[in-house]
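Reading the sequence shown from the start, the letters are residues 660 to 1056 in this note's numbering. In this text, a Cβ means the ideal position worked out from N, Cα and C, and glycines have one as well. Data first, discussion second: the structure below is written as structure tokens.
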Amino acid sequence: MENSKTMSASKGGKQGILMQMIPVMLCFFAMGFVDLVGTASNYVQKDLNLTDSQANLFPSLVFFWFLIFSVPTGMLMNKIGRKKTVLISLVVTAFSLIIPLTGQGYNTMLVAFSLLGIGNAIMQTSLNPLVTNLISGDKLASTLTFGQFVKAIASFLAPILAAWGATEAMPTFDLGWRALFVIYAVVSILSVAVLAATPIKEERPDRASGVGECLKLLGRPFVLLCFLGIMCHVGIDVGTNTTAPKIIMERLSLPLEEAGFATGIYFIFRTAGCFLGAFILRFMSPKLFFGISVVLMAVAMAILFTGSSLTVLYVGIAMIGFGNSNVFSIIFSQALVDSPAEKNEVSGLMIMGLFGGTIFPLAMGFAADSMGQAGAVAVMTIGVIYLLYYTIKIRKI
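Right under this line is the structure:
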């Protein structure tokens, strides 16, 4: 009788966690909206006749706000809790997606992408630690990887929805590719409602801390290594997202509507990598899996340097997508486990590392203007080399 009650309670606990994880995973889907910036910047570049360096300002601007808002968000979580912080981020994200529907000028898009970056910086800082209230220990890396899989679905759908909007969607409203913003704005609003209605018991807030105290954590060698690793990961991610279609247009003279499918290829394999990684990490060590992933990216960079056929370039882009799919979750979980007493602060620092999404596209844009897209690939290769170095530093969880 007693065993029966214990089993029933255990079953109820698992069902409760599942019901809590569903809205959390919907938030991971909304987190993926930031990746529409690569697709959107290419369409804005075409509409406004911008140079590569001008167009790459959009993704750079999005990820600039991670530098400003990540650490303060870590402190905000200490005061109001992680769930409330995630809700704030979803509201800002929804608002950022509505703005492009009011106009399509350069300044309008700058404002929209800025708010998208602010909302995503707050979301990524608070949502990952929120998962630790539901999942802990050796299952954390695989759970965060599954969250990245859900996020990758939104990223993968962005170029498809934009192309659909550009050719077929809503001609009455004259939205074109911006139909993408309508769809994602609706999902953002739905995410707010669902998460707000879901009770989640949080840990007691970490002790109050200041910006200086948070930044001092970078003085820990392993935390700094993780911070730089995330900078390289997101630089490669945003760089491939933005540059893949340009490589194809440069070498094969295809129009954007056709070359844009390269971004879809990237996200298809990144999505598949996240999905498979959630299971692979349950039986393979993070260090081995991370090493395999980074080697794939290194080979892919060589392909992007030399490839001259559509099939070969697609193979290289797919290898980057699969290889880069689990880098974030492994590095992030390594950082959280290394500093369990400062999860909020460490989360803020790691998400601040997404500032790499500003540095890499800017450098790639200038390199592409002077050397062609091979220059952009060279910049991404620097990030891959660092991740190869980071592989030997990964610890056993």
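**Message:** Please tell me whether Leu695 and Ala817 are closer than 9 Å, where the distance is taken between their beta carbons.
**Reply:** Contact flag set, yes.
**Request:** Return the first residue and the last residue of the alpha helix (DSSP H) that Lys738 is part of.
**Result:** Here the alpha helix (DSSP H) through Lys738 covers Leu716 to Ile739.
**Inter-residue Cα distance where the pair is Thr826 and Ala903** = Near 21 Å, if we compare the C-alpha coordinates of Ala903 and Thr826.
**Item:** Exposure label - Phe692; buried when at least 16 CB within 10 Å
**Value:** Flag for Phe692 reads buried.
**Prompt:** Does the stretch 918-931 come close enough to the stretch 991-998 to have 3 or more Cβ pairs within less than 8 Å?
**Reply:** Touching, no.
**Cα-Cα separation, Gln783 to Ile747** = Straight-line Cα distance between these residues: approximately 12 Å.
**Prompt:** Distance, Cα to Cα, Gly1024 vs Pro858?
**Reply:** Just so you know, the alpha carbons of Gly1024 and Pro858 end up roughly 45 Å apart.
**Message:** Could you check whether Ser801 and Phe928 sit closer than 9 Å to each other, using their CB atoms as the reference points?
**Reply:** Their beta carbons are not under 9 Å apart, which means Phe928 does not touch Ser801 by this criterion.
**Message:** Helix, strand or coil for Leu760? Go by DSSP, reduced to three states.
**Reply:** If DSSP states are grouped into helix, strand and coil, Leu760 belongs with the helices.
**Message:** I need the boundaries of the alpha helix (DSSP H) containing Met782, first residue and last residue.
**Reply:** Start and end: Tyr765 to Val790.
**Prompt:** Is Ile906 closer than 9 Å to Gln1032 when the C-beta atoms are compared?
**Reply:** For Gln1032 and Ile906, yes; Cβs fall inside 9 Å.
**Request:** Can you grab the Cα-Cα spacing for the pair Leu883 / Val730, in whole Å?
**Result:** Straight-line Cα distance between these residues: approximately 14 Å.
**Message:** Can you find the residues in the same chain that come closer than 6 Å, C-beta to C-beta, to Met978, ignoring five residues on each side of it along the sequence?
**Reply:** The residues are Leu955 and Ala959.
**Item:** Three-state class that DSSP yields for Pro914 in the structure shown
**Value:** In the three-state scheme derived from DSSP, where H, G and I count as helix and E and B as strand, Pro914 is classed as coil.
**Own chain residues within Cβ distance below 7 Å of Phe754, not counting five before or after** = Excluding its 5 nearest sequence neighbours in each direction, Phe754 has C-beta neighbours in its own chain below 7 Å: Leu774, listed in chain order.
**Message:** Please report the distance separating the alpha-carbon of Gly936 from that of Met943.
**Reply:** A straight-line Cα-Cα distance of about 10 Å links Gly936 and Met943.
**Prompt:** Considering only the beta carbon of each residue, do Thr1017 and Ser712 sit closer than 9 Å?
**Reply:** Their beta carbons are not under 9 Å apart, which means Thr1017 does not touch Ser712 by this criterion.
**Asked** Using CA coordinates, which residue listed in Asn983, Lys743 and Asn900 is at the minimum distance from Lys860?
**Response** Cα-wise, what sits closest to Lys860 is Lys743.
**Item:** Cβ shell of Gly835 (< 7 Å), same chain only, five flanking positions each side left out
**Value:** The beta carbon of Gly835 sits closer than 7 Å to the beta carbons of Gly824 and Ala825 from its chain, once the five residues preceding and following it are set aside; these are given in chain order.
**Request:** Identify whether Gly631 lies in helix, strand or coil by the three-state DSSP scheme.
**Result:** Beyond the ends of the chain as shown, which are 660 and 1056, falls residue 631; an answer cannot be given.
**Prompt:** How long is the line joining the alpha carbons of Arg741 and Lys1002, rounded to whole angstroms?
**Reply:** Near 11 Å, if we compare the C-alpha coordinates of Lys1002 and Arg741.
**Prompt:** Rounded to a whole number of angstroms, what is the C-alpha to C-alpha distance between Arg837 and Thr767?
**Reply:** Looking at the two C-alpha atoms, the distance is approximately 13 Å.
**Request:** Under 8 Å by Cβ, that's how I've got Val745 and Leu786 pegged, so tell me the actual separation to the nearest angstrom.
**Result:** Val745 to Leu786, Cβ: 5 Å. Contact.
**Message:** Quick check on DSSP: helix, strand or coil for Met943?
**Reply:** Assignment of Met943 by DSSP, reduced to helix, strand and coil, places it in the coil class.
**Nonlocal neighbours in the same chain, by C-beta distance under 7 Å from Val953, ignoring five residues either side** = Cβ-Cβ distances below 7 Å link Val953 to Gly982, Val1043, Leu1046, Leu1047 and Thr1050 in the same chain, with the five nearest sequence neighbours on each side left out; the list follows chain order.
**Message:** Tell me which residues share the same chain as Val893 and place their Cβ nearer than 6 Å to its Cβ, disregarding the 5 neighbours each side in the sequence.
**Reply:** Counting only Cβ-Cβ distances below 6 Å, and skipping sequence neighbours, we find Leu1013, Gly1015 and Gly1016.
**Message:** In this structure, how does DSSP classify Arg929 when only helix, strand and coil are distinguished?
**Reply:** For Arg929, the secondary structure class from DSSP, reduced to helix, strand or coil, is helix.
**Request:** Give the secondary structure of Thr710 by DSSP, where H, G and I count as helix, E and B as strand, and everything else as coil.
**Result:** Note: Thr710 maps to coil in three-state DSSP.
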